[in-house]
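Residue numbers (the numbering used here), protein chains in the order written: chain A, 108 to 387; chain B, 1396 to 1484. Read the structure below first, then the notes.
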């Protein structure tokens, strides 16, 4: 114990800790670096041994053009974006309504139903993927946005996250709204949701990221390359042309770009939103 | 460290569940091979039900239930054993 105390008191981050941190930083960042640099490498660089760490034999931006040629990336981008938007919006709407019911409505067996909601978080998604698949294909929804998004429109996690944030909502504001004649709908949309924006943003970013990165379900729910999401598309790149890693990495970079933007601009919301309501 | 055991506990539980559901990396990197040595339960579900038009849905569903039980059992054990070390304020 005393050791920890002196370490904190005396040197705030010595050379040693900076070395360790720097090393970890490199380990975490290296795949991203190599993805970016590798997407500009020709085959002479990517297939050399030991592998080149930077483009020794010139830049090859044509990797991107090649990737775009092999898979219908425009279509797949559109599919991915639509899928992400529908899932994100759907989850935000259903979660907000469910969380509202759990916090503000006199619900019989409230704790029990909330337990049911929570238990859905503990069932691994892969356990219910077969019934989902059979249902979607029987309804003829394969290769459609509806088929891609239907199983994900509601989530226990979202309801849980928003419930925690709604619970810390000041009841005085709710009573004030009541006195001024606001019903449930008015209170929800004009007062509660605008004030819960950090939590809503956190949920939205979390849903969008996981929807964009989905792999298993889109793999099953789509067959036509023109209706597949970009994640499936870039895995096809690999199998179509095994000895051009540069081109595969170019596809990966194209798929990574939107999520990087989302993380960079959304991170403060995630951090703020997830802890909102944790401590009153 | 003692003060962040709740967070560590959360990470351990979620990380274990997540690892038990590995699929993408196996599908892309090893395809379950060589000789099925990297076939996880989830990848096996995929193989039985969806790969090569197998359509072995019954067997795959049974595997899915086993996966559910395994996940629940491991989580229960973690809650039983590890949570005793967790220090809640």
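Quick reminder that beta carbons are idealized off the backbone N, C-alpha and C, glycines included.
### Task
List the residues of chain A that residue 1445 of chain B touches, going by C-beta distances under 7 Å, in chain order.
Those are 327, listed as they occur along chain A.
For residue 313 of chain A versus residue 365 of chain A, is the C-beta spacing smaller than 8 Å? At a Cβ-Cβ threshold of 8 Å, residue 313 of chain A and residue 365 of chain A do not count as neighbours.
| task | Residues of the stretch 335–347 of chain A with a CB closer than 8 Å to any CB of chain B: list them in chain order, please. | result | Listed by position, the residues of the stretch 335–347 of chain A near chain B (Cβ gap below 8 Å) are 342, 345.
Q. What first and last residue would you give for the alpha helix (DSSP H) that runs through residue 239 of chain A?
A. Looking at the DSSP string, the run of the alpha helix (DSSP H) that includes residue 239 of chain A is 236–245.
Inter-stretch contact at 8 Å, needing at least 3 Cβ pairs: the stretch 248–266 of chain A / the stretch 330–339 of chain A
Because the criterion of three Cβ pairs below 8 Å is met, the stretch 248–266 of chain A and the stretch 330–339 of chain A touch.
Can you pull the chain A residues whose beta carbon is under 9 Å from the beta carbon of residue 1412 of chain B, in chain order? The contacting residues are 229, 231.
Roughly how many angstroms lie between the CA atoms of residue 1466 of chain B and residue 148 of chain A, to the nearest whole one? Straight-line Cα distance between these residues: approximately 42 Å.
_Neighbourhood of residue 1477 of chain B by C-beta distance below 7 Å, restricted to the same chain and skipping five residues each side_ = Excluding positions up to five away in sequence, the list reads 1404, 1407.
For a test of the three-state rule: what should DSSP assign to residue 121 of chain A, helix, strand or coil? Coil.
Chain A within 8 Å of residue 1477 of chain B, Cβ atoms only
Residue 1477 of chain B does not count as touching chain A.
- From residue 255 of chain A to residue 308 of chain A, what distance separates their C-alpha atoms? Rounded to whole angstroms, residue 255 of chain A to residue 308 of chain A spans 23 Å at the Cα level.
- prompt: How is residue 282 of chain A classed by DSSP in three states: helix, strand or coil?
  reply: Helix.
By DSSP, does residue 1398 of chain B sit in helix, in strand, or in coil? If DSSP states are grouped into helix, strand and coil, residue 1398 of chain B belongs with the helices.
Note to self: Here's the rule: buried if 16 or more other CB atoms are within 10 angstroms of the residue's CB, otherwise exposed. What is residue 1422 of chain B?
What the structure shows: With 16 or more Cβ atoms within 10 Å of its Cβ, residue 1422 of chain B is classed as buried.
| Relative to the C-alpha of residue 1414 of chain B, which residue among A:231, A:202, A:196 is closest? | A:231 is the residue among A:231, A:202, A:196 whose C-alpha sits nearest the C-alpha of residue 1414 of chain B.
- [ ] Output the distance between the C-alpha atoms of residue 212 of chain A and residue 242 of chain A, rounded to the nearest integer angstrom.
- [x] A straight-line Cα-Cα distance of about 33 Å links residue 212 of chain A and residue 242 of chain A.
- Starting from the beta carbon of residue 130 of chain A, find every residue of chain B whose beta carbon is closer than 8 Å, and list them in chain order. By Cβ distance, chain B contributes nothing, its closest Cβ being about 21 Å from residue 130 of chain A, past 8 Å.
- residue 184 of chain A to residue 337 of chain A, Cα distance in whole Å? Using only the alpha carbons, I get a separation of about 6 Å.
Practice item. Determine, using beta carbons only, whether residue 323 of chain A comes closer than 8 Å to chain B. Key: With 8 Å as the cut-off, residue 323 of chain A counts as an interface residue toward chain B.
| request: Identify whether residue 138 of chain A lies in helix, strand or coil by the three-state DSSP scheme. | output: Residue 138 of chain A falls in the helix class under three-state DSSP.
Note to self: I'd like the list of long-range same chain contacts for residue 285 of chain A, defined as Cβ closer than 8 Å, with 5 residues on each side in sequence excluded.
What the structure shows: These residues qualify, in order along the chain: 294.
Item checked: DSSP-derived helix/strand/coil call for residue 114 of chain A -> For residue 114 of chain A, the predicted structure reports a pLDDT of 47, less than 50, and the residue's modelled location is therefore unreliable. A value from the coordinates is still provided. Correct three-state label for residue 114 of chain A: helix.
*Kindly confirm or deny that the stretch 259–271 of chain A and the stretch 197–209 of chain A touch, where touching means at least three C-beta pairs closer than 8 Å.*
Yes, the stretch 259–271 of chain A touches the stretch 197–209 of chain A.
- prompt: Considering only C-alpha positions, which residue in the set A:191, A:292, A:126 is nearest to residue 91 of chain A?
  reply: Nothing about residue 91 of chain A can be read from this structure; chain A reaches only from 108 to 387.
message = According to DSSP, simplified to helix, strand and coil, what is residue 336 of chain A?
response = Three-state DSSP puts residue 336 of chain A in coil, outside helix and strand.
Hey, does residue 241 of chain A have any beta-carbon neighbour from chain B nearer than 8 Å?
-> In terms of beta-carbon proximity, residue 241 of chain A lines the interface with chain B, with at least one pair separated by less than 8 Å.
Find out if the Cβ-Cβ distance for the pair residue 143 of chain A, residue 360 of chain A is shorter than 8 Å. In this structure, the beta-carbon distance from residue 143 of chain A to residue 360 of chain A falls below 8 Å.
message: Is the beta carbon of residue 229 of chain A closer than 8 Å to that of residue 1470 of chain B?
response: Yes. Within cutoff.
Beta-carbon spacing of residue 267 of chain A, residue 219 of chain A below 8 Å
At a Cβ-Cβ threshold of 8 Å, residue 267 of chain A and residue 219 of chain A do not count as neighbours.
*Beta-carbon separation of residue 1440 of chain B and residue 1420 of chain B under 8 Å?*
Not closer than 8 Å, so no.
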